[in-house]
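Engineer: Below are the structure tokens for one structure; questions will follow.
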Amino acid sequence: MRPRNEPTDAANREYVFKILRFDRRNDQPPRFARYRARAQRGMTVLEALLKIQEDQDPTLVFRYSCRGAVCGSCGMVINGRPDLACRVQLSTLRSHEVLLEPLPNMEVIKDLIVDMEPFWEAYRAVEPWLIADESHGEKEHIVSEKNRARIDSYVNCILCACCYGACPVLGRDDRYLGPAALAKLYRFLEDSRDRRDWRKALERVDAEHGLWGCDTVFRCVMACPKHVRPTDGIEGLRRRLVIEKTAGLFRRRRK
Ligand code: FES
């Protein structure tokens, strides 16, 4: 799906890291700093960053937590492509020069750390939680295997914002909700347990900054490290919106 090179034996090779440095508290413009680090077998970009930070430059900053492609903290642009630093092994990169930049479409706080508040704001706007039938009480909400299969890939989203950073629409419209939020809404549209008023929920995203903002160029799909396909979800939401609107027209006619 997202071909990087087949792993080669990177052990003991020297890599040059060009890292974009910036601190919004200073007046200094962004600049690239160069570091050299020797790779160990299976070393990831995150591990190389930790080594550089420990051995060469403790002022270098980046986010991480789980180190296992689960928490979504370590999204950054690696050789021109948004990805998780803890997932990308040096041996899979085409070059021994590794260019690291912060995710686009969000303000840089320092070095590889961006301010994700606009991402979270968009995410909260779609009410990204299950709104179940309250009369169901304390009983389990059973999902069929077939239904689970439909939402499976969307459940895998770890909110790393790689799709948000890759989205060309957000580069020109910072009010656009973005791929992750819309994909999450689609995840609940397809979830048989969700009982929200979908006519109202879809009306809220029936806007240029919502469903209709997407250019359908699949950059988010290419960027997603968990193989989520936000563009397909956005298309699914658009289809359902058209169905709801058409049904609304017929309802009005009958009155
Ligand atoms: S550190 Fe958690 S996803 Fe990379």
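Those letters in the sequence shown? Residues 16 to 270, per the working numbering, in order.
C-beta atoms are modelled at their ideal positions from N, C-alpha and C, and glycine is treated no differently.
1) DSSP three-state label for A147, please.
2) Could you tell me the alpha carbon to alpha carbon distance between A49 and G186, rounded to whole angstroms?
3) Return the CA-CA distance between A100 and Y169, expressed in angstroms with no decimal places.
4) Within 10 angstroms of its Cβ, does E116 collect 16 or more other Cβ (buried), or is it exposed?
5) Start and end of the alpha helix (DSSP H) containing M237?
6) Three-state secondary structure (DSSP) at I157?
7) Are there any heavy atoms of the ligand FES lying less than 7 angstroms away from the beta-carbon of L99, as far as the coordinates show?
8) Taking only the alpha-carbon atoms, compute the straight-line gap between E136 and R163 and give it to the nearest angstrom.
9) Looking only at its chain, what residues have a beta carbon closer than 6 angstroms to the beta carbon of G251, apart from the 5 residues adjacent to it on each side?
10) Thinking R244 and V257 are a contact (beta carbons under 8 angstroms), I'd like their distance in whole angstroms, please.
11) Taking all protein chains shown into account, do 16 or more other C-beta atoms lie within 10 angstroms of the C-beta of A216, making it buried, or fewer, making it exposed?
12) So is the beta-carbon of G263 under 7 angstroms away from any non-hydrogen atom of the ligand FES?
13) Helix, strand or coil: how does DSSP classify V141 here?
Structural biologist: Inspection of the coordinates gives the following:
1) coil
2) It is worth fixing the name first, because residue 49 is Arg in this sequence and not Ala. Roughly 27 angstroms separates the two Cα atoms.
3) 21 angstroms
4) buried
5) 234–238
6) coil
7) The ligand FES approaches L99 closely enough that one of its heavy atoms is under 7 angstroms from the residue's Cβ.
8) 27 angstroms
9) Y201
10) Actually they are not in contact, since the Cβ atoms of R244 and V257 sit about 20 angstroms apart, beyond 8 angstroms.
11) buried
12) no
13) coil
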